[in-house]
Each structure stands twice: as C-alpha cells, then as structure tokens.
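K.L.:
What follows is a single structure, and I will ask about it in a moment.
Number of protein chains: 2
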Amino acid sequence: MHRNSRPPPIQNQLLAALPDKEYKRLLPHLESVSLSFMEVLYESGEPITHIYFPNDGLISLLIVMEDETPREVGLIGNEGMLGTAVVLGMKTTPIRALIQMPGSAVRMKAQALREELKPGGRLQSVLQRYTHALFTQVSQSAACTGSHELKPRLARWLMMTHDRAPGDEFVMKHEFMAMMLGVTRSMVTRVAGSLQNEKMIRYTRGQVTILDRSRLEATACECYGAVKAEYARSTAKSSINTASG
Amino acid sequence: MHRNSRPPPIQNQLLAALPDKEYKRLLPHLESVSLSFMEVLYESGEPITHIYFPNDGLISLLIVMEDETPREVGLIGNEGMLGTAVVLGMKTTPIRALIQMPGSAVRMKAQALREELKPGGRLQSVLQRYTHALFTQVSQSAACTGSHELKPRLARWLMMTHDRAPGDEFVMKHEFMAMMLGVTRSMVTRVAGSLQNEKMIRYTRGQVTILDRSRLEATACECYGAVKAEYARSTAKSSINTASG
DNA sequence: GATGGTCTGTGCGACAACACACATAGCGGA
DNA sequence: TCCGCTATGTGTGTTGTCGCACAGACCATC
Numbered sequence: 004m005h006r007n008s009r010p011p012p013i014q015n016q017l018l019a020a021l022p023d024k025e026y027k028r029l030l031p032h033l034e035s036v037s038l039s040f041m042e043v044l045y046e047s048g049e050p051i052t053h054i055y056f057p058n059d060g061l062i063s064l065l066i067v068m069e070d071e072t073p074r075e076v077g078l079i080g081n082e083g084m085l086g087t088a089v090v091l092g093m094k095t096t097p098i099r100a101l102i103q104m105p106g107s108a109v110r111m112k113a114q115a116l117r118e119e120l121k122p123g124g125r126l127q128s129v130l131q132r133y134t135h136a137l138f139t140q141v142s143q144s145a146a147c148t149g150s151h152e153l154k155p156r157l158a159r160w161l162m163m164t165h166d167r168a169p170g171d172e173f174v175m176k177h178e179f180m181a182m183m184l185g186v187t188r189s190m191v192t193r194v195a196g197s198l199q200n201e202k203m204i205r206y207t208r209g210q211v212t213i214l215d216r217s218r219l220e221a222t223a224c225e226c227y228g229a230v231k232a233e234y235a236r237s238t239a240k241s242s243i244n245t246a247s248g
Numbered sequence: 004m005h006r007n008s009r010p011p012p013i014q015n016q017l018l019a020a021l022p023d024k025e026y027k028r029l030l031p032h033l034e035s036v037s038l039s040f041m042e043v044l045y046e047s048g049e050p051i052t053h054i055y056f057p058n059d060g061l062i063s064l065l066i067v068m069e070d071e072t073p074r075e076v077g078l079i080g081n082e083g084m085l086g087t088a089v090v091l092g093m094k095t096t097p098i099r100a101l102i103q104m105p106g107s108a109v110r111m112k113a114q115a116l117r118e119e120l121k122p123g124g125r126l127q128s129v130l131q132r133y134t135h136a137l138f139t140q141v142s143q144s145a146a147c148t149g150s151h152e153l154k155p156r157l158a159r160w161l162m163m164t165h166d167r168a169p170g171d172e173f174v175m176k177h178e179f180m181a182m183m184l185g186v187t188r189s190m191v192t193r194v195a196g197s198l199q200n201e202k203m204i205r206y207t208r209g210q211v212t213i214l215d216r217s218r219l220e221a222t223a224c225e226c227y228g229a230v231k232a233e234y235a236r237s238t239a240k241s242s243i244n245t246a247s248g
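Listed below in structure tokens is the structure:
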C-alpha cells in the first residue's frame, strides 16, 4: 500500500522468504523466463548454467537409466528451486530436470549464486534448508516406490501435482504419468479409472480434474504427508537461526 | 617420516581431505566412539546431537514407515559422514541411522560443527560436496527400487557393503538384507542362493564371503557404477574451488 | 550327544504389475 | 462427414514377489 512496496509480488516462496535487503541485492541478477511443457532445463552430467526459482508450473527431477528409461525422483514447484547442486558447490548434477507443467520462473546465473552465497546470510540458510527438504522428498520417494502399491502412489502423485497447479484442473496424460511413476500406461489407465469411478478425479483426453481432494489424500500413501511435514519443518521460524541454537 | 606427521592416520576420507590447518582446528572437538551392530545413531525427528565420521563400519539410512517397516535409502562408510542435515542448517532429520556393520568413528557435537562451518573454508566445501554425493545415492536408489529386479539389486547392495567392509568376509544374515532391500527373507534366500550357485559369493549362518567381485559387479545393476562415478566427481580436484570457477 | 535355537532352503497358492494386442472414443482437419 | 490421430479402455497369459508354512542344517550348551 505504501509507495515502496515491491512492484511485482514474489511468487516463489524461497525468494519471498528473504529479507528485503537480500532480495534487492539479488534482483539485478534475476531474469524472468517461461517454462514450456517437456522442456529440459538440466541434462544429466552437463554444466549447470542457471538456477531456477519457479513462479508456477512444475519441474520433475529424473534419473535416466542407461537404456534412456527415465524415473522421477522429485518434484519442484514454486515452493522450491532447481539447482540445489550449486548450493552444494557442484557444477553439474546427474539428474535431468524436465518441465512437467508449463509456467514461469525467475532464473539466475549459477556463478552469480555462488558469489551471493558467500557471506552466509539468510539466502544461504533458506536454500540449504530447502535442499534438506528436497533430500527428504527424494528419500521418501525411494522408500515409497518399493513399499506402496500403484493406487496410493498415483494418488500421492496427483496430490503433489495439484498442490502446485493453478487450479483443480491440469493437463496430464496417462502416458506421462506412467513414465513418471515407472509403470506401464495401461496400469495407469486402470488405476486412474478406479479413482474416477470413485469420483475423486475426472479426466478426458489429457485434462485431469481433482474432484475430491480430501478423499484423494486419504487414498494417497503416508509419504505425501511425511514430505509435507518435513518441508514445513525446514521452513519453520523456530529453526531459522543456523548457528546460534 | 618427519616428526610432525599426524600421530594416528586419518581413516575417514572426508577428514583426510581437509588441509592440515583445518583438521587441527577440528581436532579438539573430535571424540572417538565405537559403532556397535544395530545401534541407532539418529532417530527420526529427534534432535541431532552429534555428527559422525566413520573410520570403518557401515551406517544405514532408513525411512521408517508408519507401521514401523524400515526401508534403506542410503549407505555411509568411511567415505562419508552422518549428519548432512546439520550441514544444511537443520537440527533434526526424518531419517533413522542404524549401524549395519560394526566399526568405529570420530564424532563431534552438532553445535561445534555449526560454528566451524561458518567461515566457508574447505571444511564446508568438502561436506557440502559429500552431501551432494549422498543426495545422488539416494536419488539413484529411488529410481533403482522401482526399475530393477531383486537379483541385480542384491548384487549392488553386496558390492556397496563390500566396498566398506574390512575384507572379503562380513557378518550379514538374509533376514537383515531382506529388511534393507524391503523384500521377504525367503526371496533373499532364493536370490542369494543363486549368486552362491554361480560362485560369486559364499555364506554360512550369517557370514558372507565375496568370491568373485568382478562378476558380482557385472550382475549388479548400473546404479552401482552411477553412484560411484558421481562420488568421484564430487571429490574431484577440478571441482574443489567453490566460488572461483 | 541330545536339545533347543537360529539360520537357511523350499513348496505352493495368491496377486500386482508386465507385455502386448486390440478395441473404443473423442477431436481436428480436409 | 469422413478420416486419421491420439487418448483411453480392456483381455489374456506371464512373471516376480509375497505370504506363509514347514523342512533341513548348523551351532552352542549342558
């Protein structure tokens, strides 16, 4: 309301968590980009040129097997960032990053981030904590894949996607979900069909609509809640001070 | 050979990678402890009091489901450390840490690490890079569990354990392997039996011997090599300088 | 050297997911 | 309005693992 409020509201939650001063220092380095469906932002083993702070849309982290089979190990939306490897001092990562839902982001040169990280201010703390949350997400996925059946896993995946989608409807084909979950397309059709019969979701030709979020969450495996809880913990006020507790 | 050489050789590879000066600064904080089989070093959600640098032995990282079923998501030996969450500014982690093979470690108070990390010297760089390597390991496990059959996964797991074992022989029961791999004990017996028939391993009542490492590696899935390669990359000289490249 | 406990081996019915083939349905363009 | 493409639905036999039960094998101890 007062004239010094930041012109565009900050949609990315990590950037929004920064003190004004640090955000302003970053601002000259930030560049807006759009994220288009199926675009590859990082390729396994190649140098990381930029890190991304999504405003909206959804980024999939994939391990790609030697036979080119991809396997999703993590999801990033506006609650996070792509490029935690740079936070950890690396110049490459073995993980492919793919746009799963189009949107936009602000990005920044990896080198600029390295320089801004040096002082050890709030920026470093926020990004490190997010790195921990992402680590947790990947760990939980590792455990989940082997422990839970397809139906709860699909429900969980739809919940996570819905959390990052602009509304209750998004573009998503069975084929794509099958790739992400590492199962055959026909299995997705069967299981999604059952979720549709139970009126939790509806879909037609690549348009998925979430109809009953609470029953979908109840159908999802515990991993959904576990990851969310740890994300909340990693951003909690009680744990903001890195070195003084 | 000269009189100022460090008295005990440093067995942990992360500590060994530190410049003399930084290691000496750490030394007063370091305390030797033994790691006994099945000991729990971290419990999910509880405060982290110490971080551990193993000299030998093997630590399992576990996600524990609500029904108490554990699931291994990572392995730590003398190439690494337990407590990467602290490196990332957290005070707790949702992961349980369990001693899978007895040994010894040096440990250090979490708070002491927080203070030593501040300057942004080599210590920080080394530990952050290791955190990245562990992240990779967990990611690869996530992909592996869903993609590969039990035999290659068991072979991979035996390889990783062997890498961290003092010799070709170690204590390991089918029951325990089953828990780590998230399968039934009888499945381990069947698959391990087949590895034994093919003379890659031998075992009797909880003693496993690796007989033919190269054929075992060939039997293991690609994930073994992928994790090892990324670990090598994360410790490579070419990427030691964090902020100057 | 008998006994009990732990570790390993195996048999078998059940089931989730696979592989693959083909059928239906919606949508856009000629 | 018909064609063709893409997305979804389904039938069927196979495979990997489960779940559980029980059999054998080895070790320690008395």
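Line order of the protein sequences matches chains A and B.
No gaps in the numbering here: position 239 of the first sequence is 242 in this note's numbering, and each next residue is one more.
No gaps in the numbering here: position 60 of the second sequence is 63 in this note's numbering, and each next residue is one more.
The beta carbon of each residue, even a glycine, is placed where N, CA and C say it ideally should be.
What residue from B/101, B/110, B/212 and B/208 has the CA that sits closest to residue 198 of chain B's CA?
P.N.:
Residue 198 of chain B has its Cα closest to that of B/212, out of B/101, B/110, B/212 and B/208.
K.L.:
Look up residue 104 of chain A in the DSSP assignment and say whether it is helix, strand or coil.
P.N.:
Residue 104 of chain A: strand per DSSP, three-state reduction.
K.L.:
Beta carbon of residue 63 of chain B, beta carbon of residue 136 of chain B: below 7 Å?
P.N.:
No, Cβ-Cβ distance for residue 63 of chain B and residue 136 of chain B is not below 7 Å.
K.L.:
Taking a contact to mean a Cβ-Cβ separation below 7 Å, would you say residue 76 of chain A touches residue 134 of chain A in this structure?
P.N.:
Not in contact: residue 76 of chain A and residue 134 of chain A (Cβ atoms no closer than 7 Å).
K.L.:
Closer than 6 Å by C-beta to residue 170 of chain B: which residues in its own chain qualify, once you throw out the five before and the five after it? Chain order, please.
P.N.:
Excluding sequence neighbours, residue 170 of chain B sits near nothing in its chain.
K.L.:
Write down the C-beta distance between residue 100 of chain A and residue 85 of chain A rounded to the nearest angstrom, noting that I regard them as a contact closer than 8 Å.
P.N.:
Sure, about 5 Å apart at Cβ, within 8 Å.
K.L.:
Check each candidate in A/155, A/71 and A/17 and name the one with the smallest Cα separation from residue 146 of chain B.
P.N.:
Of the candidates A/155, A/71 and A/17, the one whose C-alpha sits nearest the C-alpha of residue 146 of chain B is A/71.
K.L.:
Could you say if the segment 203–223 of chain A and the segment 47–54 of chain B meet the contact criterion of at least three C-beta pairs nearer than 8 Å?
P.N.:
No, the segment 203–223 of chain A does not touch the segment 47–54 of chain B.
K.L.:
So is residue 131 of chain B in contact with chain A if we call contact Cβ pairs under 7 Å?
P.N.:
Yes, residue 131 of chain B counts as interfacial toward chain A.
K.L.:
Tell me which residues share the same chain as residue 140 of chain A and place their Cβ nearer than 6 Å to its Cβ, disregarding the 5 neighbours each side in the sequence.
P.N.:
Once the five neighbours on either side are set aside, the close Cβ partners of residue 140 of chain A are 77 and 230.
K.L.:
So that I know if they touch, is there some Cβ in chain B lying closer than 7 Å to that of residue 134 of chain A?
P.N.:
By this cut-off, residue 134 of chain A is an interface position.
K.L.:
Using only the heavy atoms of the ligand FMN, determine whether one of them is closer than 6 Å to the beta carbon of residue 47 of chain A.
P.N.:
By its list of ligands, the structure shown contains no ligand whatsoever, and the ligand FMN lies outside what it can speak to.
K.L.:
Do the CB positions of residue 65 of chain A and residue 108 of chain A come within less than 7 Å of each other?
P.N.:
Not a contact, by the Cβ cut-off of 7 Å.
K.L.:
Closer than 7 Å by C-beta to residue 156 of chain A: which residues in its own chain qualify, once you throw out the five before and the five after it? Chain order, please.
P.N.:
Closer than 7 Å at Cβ, skipping near neighbours: 147, 184 and 224.
K.L.:
Please report how far the alpha carbon of residue 56 of chain A lies from the alpha carbon of residue 131 of chain B, in whole angstroms.
P.N.:
In a straight line, the C-alpha of residue 56 of chain A is about 21 Å away from that of residue 131 of chain B.
K.L.:
Thinking C-beta only, is residue 219 of chain A closer than 7 Å to residue 186 of chain A?
P.N.:
Against a cut-off of 7 Å, the Cβ pair of residue 219 of chain A and residue 186 of chain A comes out as no contact.
K.L.:
Taking only runs of the alpha helix (DSSP H) that begin and end inside the segment 165–197 of chain B, which ones reach a length of at least 4 residues, in chain order?
P.N.:
177–184, all fully within the segment 165–197 of chain B.
K.L.:
Under a three-way DSSP split, which group does residue 159 of chain A fall into?
P.N.:
Of the three classes helix, strand and coil, the one that applies to residue 159 of chain A here is helix, per DSSP.
K.L.:
Do residue 102 of chain B and residue 42 of chain B have their C-beta atoms closer together than 7 Å?
P.N.:
Contact flag set, yes.
K.L.:
Check each candidate in B/106, B/143, B/105 and B/88 and name the one with the smallest Cα separation from residue 116 of chain B.
P.N.:
If we check each option's Cα against that of residue 116 of chain B, B/88 comes out closest.
K.L.:
If the cut is a Cβ gap below 8 Å, which residues of chain B does residue 209 of chain A touch?
P.N.:
Ordered by position in chain B, no residue passes the 8 Å Cβ test against residue 209 of chain A, which lies about 24 Å from the chain.
K.L.:
For a quick check, are the C-beta atoms of residue 207 of chain A and residue 158 of chain A less than 7 Å apart?
P.N.:
No, they are not a contact pair.
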